[in-house]
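Enquirer: One structure, pasted below without further comment.
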Amino acid sequence: DTAVSQTPKYLVTQMGNDKSIKCEQNLGHDTMYWYKQDSKKFLKIMFSYNNKELIINETVPNRFSPKSPDKAHLNLHINSLELGDSAVYFCASSQVKGGGDTQYFGPGTRLTVL
Amino acid sequence: KNQVEQSPQSLIILEGKNCTLQCNYTVSPFSNLRWYKQDTGRGPVSLTIMTFSENTKSNGRYTATLDADTKQSSLHITASQLSDSASYICVVSANSNYQLIWGAGTKLIIKP
Numbered sequence: 001d002t003a004v005s006q007t008p009k010y011l012v013t014q015m016g017n018d019k020s021i022k023c024e025q026n027l028g029h030d031t032m033y034w035y036k037q038d039s040k041k042f043l044k045i046m047f048s049y050n051n052k053e054l055i056i057n058e059t060v061p062n063r064f065s066p067k068s069p070d071k072a073h074l075n076l077h078i079n080s081l082e083l084g085d086s087a088v089y090f091c092a093s094s095q096v097k098g099g100g101d102t103q104y105f106g107p108g109t110r111l112t113v114l
Numbered sequence: 115k116n117q118v119e120q121s122p123q124s125l126i127i128l129e130g131k132n133c134t135l136q137c138n139y140t141v142s143p144f145s146n147l148r149w150y151k152q153d154t155g156r157g158p159v160s161l162t163i164m165t166f167s168e169n170t171k172s173n174g175r176y177t178a179t180l181d182a183d184t185k186q187s188s189l190h191i192t193a194s195q196l197s198d199s200a201s202y203i204c205v206v207s208a209n210s211n212y213q214l215i216w217g218a219g220t221k222l223i224i225k226p
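Quick look at the structure:
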């Protein structure tokens with residue numbers, strides 16, 4: 001069974017469009033994250049939610065809006081997509097918030113903005 | 115500034131050989147250090163985690179060491195296999211916040 005799943009796996013879209021990426025975890029974890037991995041392979045945290053509450057919100061454009069309908073789901077909506085948004089987006093979860101717990105990652109969503 | 119630097123950037127070795135990857139950090143105050151393995155097209159998977167008091171930790175053919183005084187860690191891979199081809203990422207956690215500071219990774223290629 002997949003622990004952390006993301007859909008879609010690939011997303012190709014035009015500049016200016018609005019798109020969403022969905023994430024679900026079946027590990028019973030309280031905390032979920034969104035990361036962006038660019039072409040240089042650095043993983044950068046974007047958001048973190050703990051029990052549906054936003055606890056980390058890095059300097060990310062307002063065009064990015066996370067939504068957590070329940071603690072098993074954390075979706076990412078992106079408005080007015082730009083070329084620079086092209087990257088791989090990873091969802092992750094951990095049992096507790098904070099750096100003391102192992103994070104489990106989804107397979108990633110490769111977003112290409114044309 | 116909290117930073118994690120890894121070396122080498124990439125490494126090619128023959129199957130069956132050993133190798134060591136390096137991680138230097140300037141994160142303070144230090145909480146723990148993890149090594150993740152990221153296969154191409156997949157999310158990272160945790161290999162080891164070490165706290166301040168731990169010097170070494172093994173996971174099968176992977177052995178991580180930590181020197182908290184010099185702020186250095188290494189990941190040693192013994193008897194490499196083709197499936198070890200991946201990026202290995204060092205991640206350091208600071209006590210003061212919830213965030214993890216990620217290194218850029220070392221891309222390891224094992225050749226038959």
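Chains as they are written, first to last, in the working numbering: chain A, 1 to 114; chain B, 115 to 226. Don't be surprised by glycine CBs; every beta carbon is placed ideally from N, CA and C. Given the structure is predicted, the values throughout are model-derived calculations rather than measurements.
(1) For V141/B, tell me which candidate among Q186/B, G174/B, H190/B, R175/B has the shortest Cα-Cα distance.
(2) Measuring straight from C-alpha to C-alpha, what distance separates N62/A and D198/B?
(3) Across which residues does DSSP place S5/A in a beta bridge pair?
(4) Leaving out five residues on either side along the sequence, give the residues of the same chain with a beta carbon under 6 Å from the beta carbon of Q95/A.
(5) So, helix, strand or coil for D198/B, using DSSP?
(6) Quick one: what does DSSP say D38/A is sitting in, helix, strand or coil?
(7) Can you name, in chain order, every residue of its own chain whose Cβ lies under 8 Å from the Cβ of L43/A, other than the five neighbours on each side?
(8) Closer than 7 Å, CB to CB, is L114/A near chain B or not?
(9) Tell me the rounded alpha-carbon separation between E168/B and L147/B.
(10) Tell me, please, which residues DSSP counts as bridged to L111/A.
(11) Just to confirm, is the Cβ distance from S5/A to G106/A under 7 Å?
(12) How about L27/A: is its C-beta nearer than 7 Å to some C-beta of chain B?
(13) Using a C-beta to C-beta distance shorter than 8 Å, which residues of chain B count as neighbours of T102/A?
(14) Spell out whether any CB of chain A is found under 7 Å from the CB atom of R175/B.
(15) For Q152/B, which option in L111/A, T112/A, Y104/A has the closest C-alpha, if you only look at C-alpha atoms?
(16) Look up R148/B in the DSSP assignment and say whether it is helix, strand or coil.
Expert: So, to answer that:
(1) Q186/B
(2) N62/A and D198/B have their C-alpha atoms some 39 Å from each other.
(3) E24/A
(4) H29, D101
(5) D198/B sits in a helix when the DSSP states are folded into three classes.
(6) coil
(7) Y35, K36, Q37, F90
(8) no
(9) 10 Å
(10) In DSSP, L111/A forms a bridge with L11/A, A87/A.
(11) yes
(12) no
(13) R148, S160, I163
(14) no
(15) The residue among L111/A, T112/A, Y104/A with its C-alpha nearest the C-alpha of Q152/B is Y104/A.
(16) strand
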